[in-house]
């Protein structure tokens, strides 16, 4: 179903619940995996995904369609991720680059497949700053264009290209170690 | 150096079985507890700001009209009095047997005015007792 059709169902009081249910089913996997790749832990990703859709439900009345529905939803999910990661580090007085818990999750293979090179790649990603990791995930795993990522993050295309290429270099150095 | 492009893209994370089947219901149950979203139309959004502003402007106009009418009323009385000749005023006062005390009571005296009045009535020049006796002798 197209976004326009989805929105008209949500805005119609008679089909509001049905329309929103459809929206959740359409976008739940993309949002969940976008969040999961950032927070690593399933329970955290589950909480955040639910929060994102609840926020979407509250704010959809104000959605002015000056952006695509997809980029608007992704933006909410991205901000939730970054806020969560910042709070988590602050709560445990961790420096921003401390990713001990996430690394131990990857090592323990809890909810993670055994492929060693893939685990090493994930560990390499955890060495990146959160925003850079976010951009990398959207470009590398989700295959989004720089223009779309720019709409989601509010960062210029040029800055995104530079960020992605730096991320690739850092990861390749890590993988060689 | 190991190249990123040599590594196949894989999702190494698992989810509990049936997670995505249950997730929409979980979200719907949480939403049912919270209030439904309010569909805000552009004209209601404009009203939200326009109404308080209109009320404020109306209150301001009302206050100004009240203030300026009472001010102009005071000015009118004063200018009316100023236009009456002193002889006419004196004649009126004689006809109506108004005493000085009656007139003084109608005036709102400021403390400066009272001080000036007191000085005018009770002011004694800086004279010695001897000089004062001489003045009194001369007047007799």
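Chains as they are written, first to last, in this note's numbering: chain A, 1 to 177; chain B, 178 to 317. Ideal Cβ placement from N, Cα and C applies to all residues, glycine included.
Leaving out five residues before and five after residue i in sequence, what residues of the same chain have Cβ atoms less than 8 Å from its Cβ?
i              : result
residue 48(A)  : 35, 39, 77, 80, 81 and 84
residue 288(B) : none
residue 120(A) : 174 and 175
residue 170(A) : 124, 127 and 128
residue 147(A) : 157
residue 16(A)  : 9 and 10
residue 59(A)  : 76
Quick one: using the 10 Å Cβ neighbour count with 16 as the cut-off for buried, is residue i buried or exposed?
i              : result
residue 177(A) : exposed
residue 56(A)  : buried
residue 234(B) : exposed
residue 163(A) : buried
residue 138(A) : buried
residue 319(B) : Outside the displayed span of chain B (178 to 317) sits residue 319(B), for which this structure offers no information.
residue 52(A)  : buried
residue 19(A)  : buried
residue 206(B) : exposed
residue 159(A) : exposed
residue 260(B) : exposed
residue 238(B) : exposed
Pop quiz: residue i and residue j are said to be a contact at Cβ under 8 Å. What is the actual Cβ separation, rounded to whole angstroms?
i              : j              : result
residue 136(A) : residue 128(A) : 7 Å
residue 204(B) : residue 54(A)  : 7 Å
residue 29(A)  : residue 197(B) : 6 Å
residue 3(A)   : residue 63(A)  : Not really, about 10 Å apart at Cβ, beyond 8 Å.
residue 118(B) : residue 24(A)  : Nothing in the structure corresponds to residue 118(B), since chain B is present only between 178 and 317.
residue 179(B) : residue 172(A) : 6 Å
residue 208(B) : residue 117(A) : 41 Å between Cβ atoms; not a contact.
To which residues of the same chain is residue i closer than 7 Å at the C-beta, ignoring the five residues directly before and after it?
i              : result
residue 236(B) : none
residue 73(A)  : 27, 31 and 56
residue 186(B) : none
Going by beta carbon distance, what residues of the same chain come within less than 6 Å of residue i, once the five residues before and after it are set aside?
i              : result
residue 142(A) : none
residue 167(A) : 128, 132 and 136
| said: In chain order, what are the residue ranges of uninterrupted alpha helix (DSSP H) at least 4 long that sit wholly in the segment 110–146 of chain A? | reply: Fully contained in the segment 110–146 of chain A are the following alpha helix (DSSP H) runs of length 4 or more, in chain order: 116–126 and 130–136.
| message | As an exercise, report each continuous alpha helix (DSSP H) stretch of at least 4 residues that is fully enclosed by the segment 11–50 of chain A, in chain order. | response | List check, alpha helix (DSSP H) in window: 16–39.
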